[in-house]
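Beneath this line is the structure, given in C-alpha cells, with notes to follow.
Residue numbers (this note's numbering): 1 to 224.
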C-alpha cells in the first residue's frame with residue numbers, strides 16, 4: 001500500500017530505499033483501527049514487521065510503499081514494476097466512478113443496484129472495444145506525421161455518444177445496418193481524437209484529500 005510521509009515515524013525515518021522496520025501497536029493505532037472497522041490481530045504493545053520501499057518518480061517526488069512481500073520474494077526493482085502496473089487499474093476505477101458514475105444508482109432495491117452495476121461494467125467494456133477500433137481507424141485515416149505520436153480517444157465524448165447510440169445499434173435487426181451504425185459511431189468518435197507525444201508525458205495532478213462520504217444523493221441517476 002502507498003503511505004504518506006507522515007504515516008508513522010518508523011516509516012518516514014527509514015534511511016535507505018528498501019528497509020524492514022517494526023511498527024509498534026499502540027492504543028491510538030488500535031482505536032483508529034476500531035473506528036475504521038479494521039480487525040487487528042496483534043495486541044497492544046506488540047510490533048508489526050513490515051517492509052518500506054521508497055521509489056523516486058520522474059517528477060522528483062518519492063512514493064513510500066509498505067508491503068509484506070519480503071526481499072527474497074521480490075527485489076526492489078520488481079516492487080517498483082508491480083507498483084507502476086497499478087496505474088492502469090487506478091485509471092479504470094477513476095473512469096468507472098467519475099465517467100460512468102458506477103456509485104450512482106437509479107434505485108435502492110438490491111436488484112436495481114445489481115442491474116446498474118452490471119450495466120455500467122458492460123458499457124465500460126463495450127466502450128473499450130469501440131475505443132480500440134477507433135484508434136485503429138485513426139491510424140489508417142491520419143498517418144503519423146511526427147515520430148512517436150500516440151493516438152488517444154476523448155473518453156467523455158466516447159461515453160456520451162455510446163450512451164446515445166447503443167440502444168439504436170442493439171435493436172437493429174439487420175446486420176448490415178447494425179455494422180453501418182457502429183461504423184458511423186466510430187467515425188464520429190475519431191473526430192475527437194487527441195494526439196500525445198510520448199516525449200512529453202502528462203504531468204501528474206496533485207492528490208486531493210476527499211471526505212469518505214457518498215457524493216451522490218438519493219436523487220437517482222438517469223437510465224443509461
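The C-beta atom is built at its ideal place from N, Cα and C for all residues, glycine as well.
Check	Outcome
State yes or no: is the C-beta of residue 180 nearer than 8 Å to some heavy atom of the ligand NAD?	By its list of ligands, the structure shown contains no ligand whatsoever, and the ligand NAD lies outside what it can speak to.
Can you name, in chain order, every residue of its own chain whose Cβ lies under 6 Å from the Cβ of residue 200, other than the five neighbours on each side?	Only weak support is given to the placement of residue 200: the predicted model assigns it a pLDDT of 43, under 50, and the value that follows is read from those uncertain coordinates. Result list for residue 200: empty, nothing under 6 Å.
Grab the span of the alpha helix (DSSP H) containing residue 61 for me, first residue to last.	Counting along the chain, residue 61 falls outside any alpha helix (DSSP H), and DSSP gives it neither H nor E.
If I measure Cβ to Cβ from residue 188 and keep anything under 8 Å in the same chain, skipping five residues before and after, which residues do I get?	161
I need the boundaries of the alpha helix (DSSP H) containing residue 111, first residue and last residue.	110-141
Please work out which residues of its chain come closer than 6 Å, Cβ to Cβ, to residue 79, disregarding the five sequence neighbours upstream and downstream, and give them in chain order.	53
Using the C-alpha atoms, what's the distance from residue 183 back to residue 163?	15 Å
Which residue marks the beginning of the beta strand (DSSP E) containing residue 19, and which one marks its end?	18-24
Identify the continuous alpha helix (DSSP H) that holds residue 168 and give its terminal residues.	155-171
In whole angstroms, what separates the C-alpha of residue 88 from that of residue 174?	37 Å
Measure the alpha-carbon distance for residue 77 versus residue 107 and round it to whole angstroms.	47 Å
I'd like the list of long-range same chain contacts for residue 97, defined as Cβ closer than 8 Å, with 5 residues on each side in sequence excluded.	103
Is the beta carbon of residue 43 closer than 9 Å to that of residue 25?	yes
Over what stretch of residues does the alpha helix (DSSP H) that includes residue 38 continue unbroken?	Unbroken run through residue 38: none, as it is neither H nor E.
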